[in-house]
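Shown next, in structure tokens, is the structure this report addresses.
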Amino acid sequence: MELKGAETMKDNDPQNNLDQNREEANEHHEDANTQQTNSYEVLENSSEQGSNESAVPAGGATSKVWMGVSLVLFGLLIVMAVFNPFGSTSASGGTVATVNGVSISKDKLYDELVSVAGEQALDGLIMKELIDQEFSNAKLTIADEDIDKEYNNFKSGAGSEEEFQMYLMQSGMTEERLRGEMRLRVQLAKLLGPDVTVTDEEVLDFYQQNQSKWGAPEMVKVSHILVENKEEADAILAELKNGADFAKLAAEKSIDPGSKDNGGVYDFFPRGTMVPEFEEAAFGMKNGELSDVVPTDYGFHIIKTLEHKEAEVKLEDKKEEIVGLLTQNKVLSLAGSWYQGVEEKSEINNSLKPVEPEKAEETTETTDPSDTDGTNGNESTNDAAAGNEKTEEPAS
């Protein structure tokens with residue numbers, strides 16, 4: 056009976072999501088219309104991303120994953136760049152191109168950009184301003200060191216300097232704009248971080264699923280004997296404790312065709328390979344230790360741990376990074392609904408948004424079409440009521 060039937064992590068491997076995000080980054084770079092992403096929609100869509108979309112890609116740096124996460128806010132930087140295409144230059148006029156002697160003015164280019172992407176760009180600036188205001192109202196501060204840390208983590212995760220520059224080029228980014236995004240990321244983390252909790256179980260699960268991306272994971276080599284009923288397993292365990300040969304009993308008694316002919320041995324395997332009950336026993340014992348009877352869906356096992364190989368990168372070495380990554384992803388998952396709430400409570404006058412026709416005021420009164428003076432007969436009715444009051448003489 057083959058035990059190595061545990062579900063693989065491939066379908067849920069967030070590395071696939073990162074690769075997809077990087078492909079989307081290339082599309083952003085190649086497609087000007089895609090670059091004009093509505094920044095609010097970008098944040099809103101972030102609420103659909105769970106923490107499962109985070110991973111540590113090959114190369115072992117948590118920050119490398121943040122390249123994918125960074126695309127959540129990338130649209131904001133793009134539209135801001137489009138909205139102010141001339142950097143610090145604010146003067147109007149001037150020629151930006153000539154075609155057969157005919158000039159194309161800076162103003163004409165600006166007007167064209169506004170007509171094509173002005174609303175999206177302004178949405179991005181509004182979003183940035185709202186986040187700045189919320190940050191200020193919460194009396195929070197950002198130190199240069201906070202931004203430097205985010206930026207350096209991100210950059211180191213890219214690999215070499217050449218790979219980092221290639222990422223910037225493919226994403227249409229500059230180092231200055233990337234630092235601006237790091238600032239926005241720090242703001243969101245400080246604003247929403249207190250509402251986020253990362254459990255030890257989540258950290259361990261993430262570590263185990265991504266160990267191979269940091270180098271060789273913890274592995275164990277075992278021998279085991281599998282039988283169909285507990286009574287037989289108990290009897291075999293008693294023999295082993297009395298000094299019986301494990302390999303001989305495995306060959307005689309085990310019903311696992313994958314290991315019985317080689318003394319019940321399973322060579323080194325990492326976590327996530329065997330069923331959980333089997334792994335818990337195998338990884339939880341010292342070298343040479345014998346387990347009690349371990350029940351699984353396959354039957355009843357007796358396991359002997361032969362040798363451990365420690366992980367190249369231990370959980371303790373990565374815990375802080377993993378907590379930071381999972382926190383960041385949870386923050387991003389909250390960002391959409393949080394921003395929507397901020398937007399709804401704010402007074403925003405956007406001159407580039409189409410003006411919706413004002414709804415006529417609804418009244419409980421109905422208007423008589425024949426009532427040309429707009430009194431709807433109320434005046435005469437009131438007069439009649441007044442007349443009635445005048446004719447009512449008190450009894451003498």
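Each number in this note's numbering comes from the position in the sequence shown (counting from 1) with 55 added on. Glycine included, every Cβ here is placed at the ideal spot set by N, Cα and C. Note that the coordinates shown come from a computational prediction; the quantities given were computed from them, not determined experimentally.
### Message
Taking 8 Å as the limit between beta carbons, can you name the residues of its chain near valine 241, skipping five residues before and five after?
### Response
Ile197, Asp201, Ile202 and Glu205
### Spatial distance of lysine 303 from alanine 337 (CA atoms)
20 Å
### Message
Just to confirm, is the Cβ distance from isoleucine 357 to alanine 244 under 9 Å?
### Response
no
### Query
So serine 170 is in the alpha helix (DSSP H); what residue range does that whole segment cover?
161–192
#### Entry: Coil, strand or helix - methionine 340 by DSSP
coil
### Query
Exposed or buried, what is aspartate 372 when buried is set at 16 or more other beta-carbons lying within 10 Å of its beta-carbon?
exposed
### Task
Can you give me the start and stop residues for the alpha helix (DSSP H) that valine 258 sits inside?
255–265
### Message
For phenylalanine 355, which residues in the same chain have their Cβ closer than 8 Å to its Cβ, ignoring the five residues on either side in sequence?
### Response
Leu281, Val282, Glu283, Asn284, Lys285, Glu287, Ala288, Val348 and Val349
### Query
Going along the chain, which residues of its own chain have a beta-carbon closer than 8 Å to the beta-carbon of glycine 453, five neighbours each way excluded?
Residue 453 lies beyond the stretch modelled for the chain, which goes from 56 to 451, so this question has no answer here.
### Message
Does the stretch 307–315 come into contact with the stretch 376–396, if we say contact requires no fewer than three beta-carbon pairs (one atom in each stretch) closer than 8 Å?
### Response
no
### Top-ranked residue by Cα proximity to arginine 238, from Gly339, Val251 and Phe190
Phe190
### Message
My output table needs one value for arginine 240: the three-state DSSP class, helix, strand or coil.
### Response
helix
### Where the beta strand (DSSP E) through lysine 359 begins and ends
354–364
### Query
For the alpha helix (DSSP H) that contains leucine 389, what are its first and last residues?
370–400
### Query
How close, in whole Å, do the beta carbons of glutamate 273 and alanine 366 come, if the pair is a contact with beta carbons under 8 Å?
4 Å
### Query
Based on Cα-Cα distance, which residue from Arg326, Leu345 and Tyr321 lies nearest to aspartate 260?
Arg326
### Task
Identify every run of the alpha helix (DSSP H) within the stretch 257–336, keeping only runs that are complete inside it and at least 4 residues long; order them along the chain.
285–296 and 301–308
### Task
Output yes or no for whether 9 Å exceeds the beta carbon distance between leucine 389 and valine 251.
yes
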